[in-house]
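Colleague: Take a look at the following structure, please.
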Amino acid sequence: MSKSSTTVEVRILDKEYLVACPQEEQEALLRAARHLDNKMREIRSSGKVFGTERIAVMAALNITHELLERDTISHATSTLLRAMDNRLDEALGESSGN
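Per this note's numbering, residue 256 is the first one in the sequence shown, and the count goes up by one each step.
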C-alpha cells in the first residue's frame, strides 16, 4: 500500500516552499522547517554570513554537527553502560561464587 502524499507549504527565511510529504509526516516536516528557519535566522542576524545560499549551507553544517555530536554522545553512553553492565555481571558472579 502506498502512502498518500500531499503538498505542504513551509516558510523559511520569508520564502515559501511547497514540499510533497506523506500526510502522517506533515507535523515532523513543519517542525523541521521551523527549526531550519530559526537556525538560518540566527546565522543571518549574526551579520557574518551573507546570501541565502551561504546561510543555508552554514545552517546545514551546524545542524549536522549537532546531530553528529548527539550520536557520538549516544554511542559513548551506550559503550559506558555496556562496560558497567559487564562489570556488574562480573561482580555478581564473583559474589555468588563465595
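Even for Gly, the Cβ is constructed at its ideal location relative to N, Cα and C.
Remember, predicted model here, so these are calculated numbers, not experimental data.
Could you tell me the distance, in whole angstroms, from the CA atom of serine 260 to the CA atom of glutamate 279?
Modeller: As a working mapping, residue 260 is identified with position 5 in the sequence shown. As a working mapping, residue 279 is identified with position 24 in the sequence shown. Cα-Cα distance, rounded: 9 Å.
Colleague: Any idea if lysine 294 is buried or exposed, counting beta-carbon neighbours within 10 angstroms, 16 or more meaning buried?
Modeller: Here residue 294 is taken as the residue at index 39 of the sequence shown, counted from 1. Looking at its Cβ environment, which holds 16 or more other Cβ atoms inside 10 Å, lysine 294 is buried.
Colleague: Quick check on isoleucine 328: buried or exposed, where buried means 16 or more other Cβ atoms within 10 Å of its Cβ?
Modeller: Within the sequence shown, the letter at position 73 stands for residue 328. Isoleucine 328 should be labelled exposed.
Colleague: Which value, in whole angstroms, describes the spacing of the CA atoms of aspartate 292 and leucine 347?
Modeller: Mapped onto the sequence shown, residue 292 falls at position 37. Mapped onto the sequence shown, residue 347 falls at position 92. One C-alpha to the other measures close to 52 Å.
Colleague: For leucine 291, which beta-bridge partners are listed by DSSP?
Modeller: On the sequence shown, residue 291 is found 36 positions in, with the first residue counted as 1. DSSP output for leucine 291 lists no bridge partner at all.
Colleague: Give me the Cα-Cα distance between methionine 256 and valine 304, rounded to the nearest whole angstrom.
Modeller: Indexing the sequence shown from 1 puts residue 256 at position 1. Indexing the sequence shown from 1 puts residue 304 at position 49. For methionine 256, the pLDDT reaches just 42, beneath the cut-off of 50, and the residue's location in the model is therefore unreliable, although a value from the coordinates is still provided. Taking the straight line joining both Cα atoms gives about 45 Å.
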